[in-house]
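In terms of this note's numbering, the sequence shown opens at residue -14 and continues consecutively.
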Amino acid sequence: MPTFLGSLRRLVLAPSLADVSFDGRGFPGPRTPDTPALEAIPQAVVCGFEWGIDARGVGEVERRLRLVEPAMRGFAVEGATMAFTVLDAMSGGVRTRDLLRGEGAPHLFLAYIGIGFAMARLPRVLWRRVLPDLAGTSPYHPTMSWLAVDGYGFDLAYFRTRHWVGGQRVPAAYAWQGDSGYFPRAADQGVGRALWFVHGARVDDVADAVERFPERRRGDLWSGVGLAAAFAGGGTAEATSALRRRAGAYRAELGLGAVFAASARNLADHVPEHTARVVEGLAGLTVPEAVRLAESTATHTSDGDVPPYEVWRGRIRHALGGS
-14 MPTFLGSLRR LVLAPSLADV SFDGRGFPGP RTPDTPALEA IPQAVVCGFE
36 WGIDARGVGE VERRLRLVEP AMRGFAVEGA TMAFTVLDAM SGGVRTRDLL
86 RGEGAPHLFL AYIGIGFAMA RLPRVLWRRV LPDLAGTSPY HPTMSWLAVD
136 GYGFDLAYFR TRHWVGGQRV PAAYAWQGDS GYFPRAADQG VGRALWFVHG
186 ARVDDVADAV ERFPERRRGD LWSGVGLAAA FAGGGTAEAT SALRRRAGAY
236 RAELGLGAVF AASARNLADH VPEHTARVVE GLAGLTVPEA VRLAESTATH
286 TSDGDVPPYE VWRGRIRHAL GGS
């Protein structure tokens, strides 16, 4: 049964299922056969958030998450992580840590993104509290925690599209993992992911949106598009080929996003058919090959002013033929 404070927080912080629909957001362009499946993703996030914000304990949320079908479970974990992050940042709790050491562990990539969604709703003074202590529990922590900044950028673009996509605003820097210079780039990767949803996986509209941004931002945007296309799906095999053509000189960035999507799906032990197809189309790799590439290039070591996350991304880009 929901708690009073939980219900109040849900009312204040969580959008409704209708609000996250494409019509509810006022996204441009026509609905397509891909629209219902894409809309189900933010709706699953909302459900996970409502479970988390109302819950009396982590175990209660974990039991609910186990009832979600494998293809959607990670998105529900994303929403629950968002809720727990808000609660922990405000109260000093360890709900997020406990979730990500338990039922949420296989969905760590999406959980980081959920932390970013929470950041979009918290004052920056509380951001120092949002990253849980996962030392010794995951080989991806803390390097992959830059996905939280990706999630922050996605949230800005999805919910304030006119400002962050139309107006092409750049978020103020923040010293995430001690590096403020990379913060806007990581956020742009989330903006790129959002473009896949904002334009309903319609390849030409997505590509046109990327090309309206300054050239210096397009590589990160394209990597976000590739991650969204491979993880969330949408479009036919022909559309995937068209997406690769439209990326042009940024094909390696597009493939880089697909490699991370393959790694995330593999970690969750559920690889949908569309992920395998899109990874093959964008990166020229099978999912096992993409996972091996990600694992063989992973690092926790910076290179001068380049954070480990971007060093890792750069190695994958180079392996895919990029600079």
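Ideal Cβ placement from N, Cα and C applies to all residues, glycine included.
Drop a sphere of 10 angstroms on the beta-carbon of Arg203, count the other beta-carbons inside from all chains shown, and report buried for 16 or more, exposed for fewer. Your numbering for residue 203 matches position 218 in the sequence shown. Result: buried.
Starting from Val291, follow its DSSP beta bridges and name the residues at the other end. Position 306 of the sequence shown holds residue 291. Val291 pairs with Asp288.
Just to confirm, are Ser248 and Val210 a CB contact at a threshold of 8 angstroms? Translated into the one-based positions of the sequence shown, residue 248 becomes position 263. Translated into the one-based positions of the sequence shown, residue 210 becomes position 225. It is not a contact, given that the beta carbons lie outside the stated cut-off.
Quick one: give me the first and last residue of the alpha helix (DSSP H) that Gln174 is part of. Taking the first residue of the sequence shown as 1, we reach residue 174 at position 189. 168 to 183 is the extent of the alpha helix (DSSP H) around Gln174.
Counting along the chain, where does the alpha helix (DSSP H) carrying Met57 start and finish? As a working note, residue 57 is residue 72 in the sequence shown. 55 to 76 is the span of the alpha helix (DSSP H), which, as asked, contains Met57.
Beta-carbon separation of Asp205 and Arg178 under 8 angstroms? As a first step, residue 205 must be located in the sequence shown, where it is residue number 220. As a first step, residue 178 must be located in the sequence shown, where it is residue number 193. Contact: no.
Helix, strand or coil for Pro(-13)? Go by DSSP, reduced to three states. One-based indexing of the sequence shown puts residue -13 at position 2. Caution is warranted here: a pLDDT of 49 is assigned to Pro(-13), below 50, making its placement in the model unreliable, and the coordinate value is therefore given only provisionally. Note: Pro(-13) maps to coil in three-state DSSP.
Backbone CA spacing between Arg300 and Asp39 [nearest angstrom]: Residue numbering aside, residue 300 sits at position 315 when the sequence shown is read from its first letter. Residue numbering aside, residue 39 sits at position 54 when the sequence shown is read from its first letter. Spanning the two alpha carbons is a distance of roughly 42 angstroms.
Three-pair Cβ contact test at 8 angstroms for the stretch 277 to 287 versus the stretch 113 to 133: At 8 angstroms Cβ cutoff, the stretches touch.
Quick check: the stretch 68 to 81 against the stretch 24 to 32, are at least 3 beta-carbon pairs closer than 8 angstroms? Under the three-pair Cβ rule at 8 angstroms, the stretch 24 to 32 does not count as touching the stretch 68 to 81.
Own chain partners of Ala227 with C-beta closer than 6 angstroms, once the 5 adjacent residues on each side are dropped: For the purposes of this step, residue 227 is taken as residue 242 along the sequence shown, with counting starting at 1. The answer, listed in chain order, is Val188.
Would you say the stretch 36 to 52 touches the stretch 239 to 256, given that touching needs at least three Cβ pairs under 8 angstroms? no
If you run the structure through DSSP and keep just helix, strand and coil, what is Asp189? Along the sequence shown, one-based indexing puts residue 189 at 204. The answer is helix: DSSP assigns Asp189 an H, G or I state.
Reference Ala158; option with closest CA among Gly240, Leu239, Tyr167: Residue mapping note: residue 158 aligns to position 173 of the sequence shown, counting from 1. The shortest C-alpha separation from Ala158 is found at Tyr167.
Quick one: complete alpha helix (DSSP H) runs, 4+ long, within the stretch 9 to 38? none
Is Ala160 buried or exposed, if buried means 16 or more other CB atoms sit within 10 Å of its CB? In the sequence shown, the residue the question calls residue 160 occupies position 175. Exposed: under 16 other Cβ atoms inside 10 Å.
Contact under 8 angstroms by Cβ, Val312 with Ile100: Because the chain spans -14 through 308 in this model, residue 312 falls outside it and cannot be assessed.
Please name the residue, chosen from His184, Leu95, Trp207, Gly219, that lies closest to Gly11 on a Cα-to-Cα basis. Your numbering for residue 11 matches position 26 in the sequence shown. Taking only the C-alpha atoms, the option nearest Gly11 is His184.
For Gln174, does the count of other Cβ atoms within 10 angstroms reach 16, so buried, or fall short, so exposed? Start at 1 with the first residue of the sequence shown, and residue 174 comes out as number 189. So Gln174 counts as buried.
Can you name, in chain order, every residue of its own chain whose Cβ lies under 8 angstroms from the Cβ of Val272, other than the five neighbours on each side? The count along the sequence shown starts at 1 and reaches residue 272 at position 287. So the qualifying residues of the chain are Ala247, Arg250, Asn251, Val256, Thr260, Ala261, Val264.
Give the secondary structure of Arg(-5) by DSSP, where H, G and I count as helix, E and B as strand, and everything else as coil. Here the question's residue -5 lines up with position 10 in the sequence shown. Any answer about Arg(-5) is weak, because its pLDDT of 48 lies below 50 and its placement is not dependable; what the coordinates show is given next. DSSP places Arg(-5) in helix when its eight states are reduced to three.
Boundaries (first-last residue) of the alpha helix (DSSP H) holding Leu116: Residue mapping note: residue 116 aligns to position 131 of the sequence shown, counting from 1. Element bounds for Leu116: n/a, residue is neither H nor E.
According to the neighbour-count rule (16 or more other Cβ atoms, all chains shown, within 10 Å of its Cβ), is Arg236 buried or exposed? Residue mapping note: residue 236 aligns to position 251 of the sequence shown, counting from 1. Arg236 should be labelled buried.
CB Gly240 to CB Leu141, shorter than 8 angstroms? Your numbering for residue 240 matches position 255 in the sequence shown. Your numbering for residue 141 matches position 156 in the sequence shown. Result no, Cβ atoms of Gly240 and Leu141 do not sit closer than 8 angstroms.
Taking 8 angstroms as the cut-off, decide whether the C-beta atoms of Gly37 and Gly59 are in contact. As a first step, residue 37 must be located in the sequence shown, where it is residue number 52. As a first step, residue 59 must be located in the sequence shown, where it is residue number 74. Cβ distance not < 8 angstroms, so Gly37 and Gly59 don't count as in contact.
Where Asp254 sits in the DSSP three-state scheme: Looking up residue 254 in the sequence shown gives position 269. Correct three-state label for Asp254: coil.
Which value, in whole angstroms, describes the spacing of the CA atoms of Ala214 and Asp190? Translated into the one-based positions of the sequence shown, residue 214 becomes position 229. Translated into the one-based positions of the sequence shown, residue 190 becomes position 205. So the two alpha carbons sit approximately 14 angstroms from each other.
Shortest alpha-carbon distance to Phe69 belongs to which of Ala56, Met57, Glu35? One-based indexing of the sequence shown puts residue 69 at position 84. Comparing Cα-Cα distances from Phe69 to each of Ala56, Met57, Glu35, the minimum goes to Glu35.
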